[in-house]
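Numbering (this note's numbering), first residue to last: -11 to 77.
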């Protein structure tokens, strides 16, 4: 067994061979997008993601609707004073 120390340049070469083995393309330069542009793009994409997420209040509302739907399916009447409806009169 060969016990030569692995240096960073050896890791880079090994990973490049591994990527090429699985038909991957190697990056041959640092790219052309600045840090500022990358951060702006990341923030924009994160805002898009956040707009798709629902708040805890919205989640509670949807759960209340689901409970009401289940009660209606089971033939139970829903009233404002119902303790499971989340409201009290």
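By construction, the Cβ of each residue, glycine as well, lies at the ideal position given by its N, Cα and C atoms. Note that the structure is predicted; figures quoted are calculated from it, not measured.
Item, Value
"Whole angstroms are fine: how far does the CA of residue 38 sit from the CA of residue 46?", "14 Å"
"What is the DSSP secondary structure of residue 4, reduced to helix, strand or coil?", "helix"
"The alpha helix (DSSP H) with residue 39 in it runs from where to where?", "23 to 40"
"Under a three-way DSSP split, which group does residue -8 fall into?", "coil"
"In whole angstroms, what is the alpha-carbon distance linking residue -5 and residue 20?", "28 Å"
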